[in-house]
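Colleague:
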Amino acid sequence: MTTLSQAEIANWLALYAAAGVCCGLAVMLSVATSIYDLYRERAWLGLKSTGDVLRFLPRTWWRWQKSYLLSTPVTLLIVGSFAATLTWN
């Protein structure tokens with residue numbers, strides 16, 4: 001098994017940091033989008049019983065997941081483009 005050079009370790013750390021920043025931005029934007037959508041639709045007005053609340057929670061989670069997962073191609077494109085600019089020995 002070969003060991004990584006210092007440049008390769010630095011590149012991998014930079015890629016993980018870039019992916020972390022992109023994912024953090026995606027989380028913040030998807031949460032904001034989900035909250036805005038819930039507010040715009042006034043989704044809480046239909047909550048009349050415990051069953052309504054129990055159905056509301058997974059639907060809200062799924063709404064956020066869809067928003068967040070839609071950012072995956074953009075994250076991959078940004079991090080991939082960044083990786084292409086690094087010098088790999």
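Note that the UniProt record's numbering numbers the sequence shown so that position 60 is 60, with each residue one more than the last. Beta carbons: idealized from backbone N, C-alpha and C, even for Gly.
Could you check which residue in SER5, THR72 and VAL53 has the C-alpha nearest to that of LEU25?
Modeller: Position 25 of the sequence shown, counting from 1, holds the residue named residue 25. Closest option to LEU25, Cα to Cα, is THR72.
Colleague: Taking only the alpha-carbon atoms, compute the straight-line gap between residue 97 and LEU57 and give it to the nearest angstrom.
Modeller: Outside the shown range of the chain, which is 1 to 89, sits residue 97, and nothing can be said about it.
Colleague: Spatial neighbours of CYS23 within its chain, please: CB distance less than 7 Å, with the 5 preceding and 5 following residues excluded, ordered by chain position.
Modeller: What you label residue 23 is simply residue 23 of the sequence shown in a count that begins at 1. Taken in chain order, the residues that qualify are THR75.
Colleague: Helix or strand or just coil, what does DSSP make of ARG42?
Modeller: As a working note, residue 42 is residue 42 in the sequence shown. Here ARG42 sits in coil by DSSP.
Colleague: State the Cα-Cα distance for the pair ASN89 and GLU8, rounded to the nearest angstrom.
Modeller: As a first step, residue 89 is located in the sequence shown; it is residue number 89 there, counting from the start. As a first step, residue 8 is located in the sequence shown; it is residue number 8 there, counting from the start. Straight-line Cα distance between these residues: approximately 7 Å.
Colleague: Express the C-alpha separation of LEU38 and ALA32 in angstroms, rounding to a whole number.
Modeller: Within the sequence shown, the letter at position 32 stands for residue 32. Within the sequence shown, the letter at position 38 stands for residue 38. Those two C-alpha atoms are separated by around 10 Å.
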